[in-house]
Amino acid sequence: MDTNMGGAIEAEQRIEAEQHWAMKGEVRLAVYRKRLAGAGEQPILFLVHGSSFGGQGGFDLDVPGKPGYSFMEEFARRGFDVWSMDFEGYGRSSRTQSNSNLSMAAEDLRAASDVVFERTGKRSAMFYGSSSGALRAALFGEAHPDRVERVILDAFVYTGEGAPTLIKRRERLEEWRSSHIRRVDRAFFHSIFNRDLPGTSEEGIADALADYELALGDTMPTGTYLDMCANLPVVTPEKLTCPVMIVRGEHDGIATEQDLLDYFAKLGTNDRRFVVIPGMAHVSYLSKNRAIFFQAMEEFLRPPARAL
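Just so it is clear: in the sequence shown, position 304 is 304 by full-length UniProt numbering, and no numbers are missing.
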């Protein structure tokens, strides 16, 4: 959406930002919010990040000279009250000796969602998760079904069988087991966008993400890498009973299509969708074809009323 259309439109579309802190014992978790200024009650959308960058870095990215890469602002303009967080060990949250594995996801999300519900007066929200963030969102939906209205699982993986990215990552399994952190650098952030099919994201995206994340630190926790290499499956599809949309990028190597269809067939709900986005690899919301993804996502989050 064009936000440079004159004073009245700019004022109408002005987005306000907040930062909060959730406490998980002594651990501080950074929680972020964006919404249209002056908006009344809106549906809550909580964005759950994956293994290799935090919530604000990935979901609220500023790319010099290339507007329109803030996932949070995109859906704030679409009328959602958008939240995200940094899990333990990521972004501005406490950097501890924990490897921030998937078993911790529900506890972190519960603490963050307590803040969301305290600020909004609501008791449930819609959730989106990407990559290991999709596993985190699914686990949270299993553990706290009363808090999850709908969930989108993007760049998801179930058993990991035959997944090219995980086959390659398992070559370093002992490294993930030996330490709670892994080092990252600029080349690593470029590899996220080039490992499946170079060209599915614009030039400058990887550097903008690297600039943001490396200013906060040069390590990421190893927990999700270890879980995805050695401990899958970690989710139980029959326990996820809310409406579910699974999104797969055409070229994403984190899972095979058959692996995702096996999970899809076992879900504990008949309100479910399986969407493949053409010309897309692993990071949908930072890809050239993100507009296709955003449209599919909003259609799921705002379904027509059911007759039966």
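Note that the Cβ used here is the ideal one computed from N, Cα and C, for glycine as well.
Take every Cβ of the segment 18-30, pair it with every Cβ of the segment 158-172, and state whether three or more of those distances are shorter than 8 Å. Touching, no, given that fewer than three Cβ pairs across the two stretches are closer than 8 Å.
Suppose the cutoff is 6 Å on Cβ atoms and the five residues either side in sequence are ignored; what does the same chain contact list for residue 255 look like? Taking C-beta separations shorter than 6 Å and ignoring five residues to either side along the sequence, the partners of residue 255 in its chain run 157 and 163, following chain order.
Beta-bridge pairing of residue 219 - partner residues as DSSP gives them: According to DSSP, residue 219 bridges with 183.
Helix, strand or coil: how does DSSP classify residue 130 here? Residue 130 falls in the strand class under three-state DSSP.
Put residue 245 into one of helix, strand or coil per three-state DSSP. Taken through DSSP and simplified to helix, strand or coil, residue 245 comes out as strand.
When DSSP labels each residue in this structure, what does residue 116 get in the three-state scheme? In this structure, residue 116 counts as helix in the three-state DSSP scheme.
Proximity of residue 289 and residue 280 at Cβ, strictly below 8 Å: Closer than 8 Å, so yes.
Taking the alpha-carbon positions, what's the residue 262 to residue 38 distance? Looking at the two C-alpha atoms, the distance is approximately 44 Å.
Looking at C-beta atoms only, is the number of pairs between the segment 163-176 and the segment 102-122 that lie closer than 8 Å three or more? Verdict: no, contact absent.
Distance, Cα to Cα, residue 298 vs residue 182? Between residue 298 and residue 182, the C-alpha separation is close to 35 Å.
Taking the C-alpha atoms as reference points, what is the distance between residue 250 and residue 276? Going by the C-alpha atoms only, they are around 6 Å apart.
Looking only at C-alpha atoms, which of 143, 203 and 212 sits nearest to residue 102? Ranking the options by Cα distance to residue 102, first place goes to 143.
Ignoring anything shorter than 3 residues or poking outside the segment 30-110, list the beta strand (DSSP E) runs there in chain order. Whole beta strand (DSSP E) segments, 3+ residues: 44-48 and 81-85.
Nearest CA to the CA of residue 219: which residue from 203, 73, 188 and 137? Taking each of 203, 73, 188 and 137 in turn and checking the Cα distance to residue 219, the smallest one comes out for 188.
For residue 18, list the residues DSSP reports as bridge partners. According to DSSP, residue 18 bridges with 33.
Which of the three DSSP states is assigned to residue 24 in this structure? Reduced to three states, the DSSP call for residue 24 is strand.
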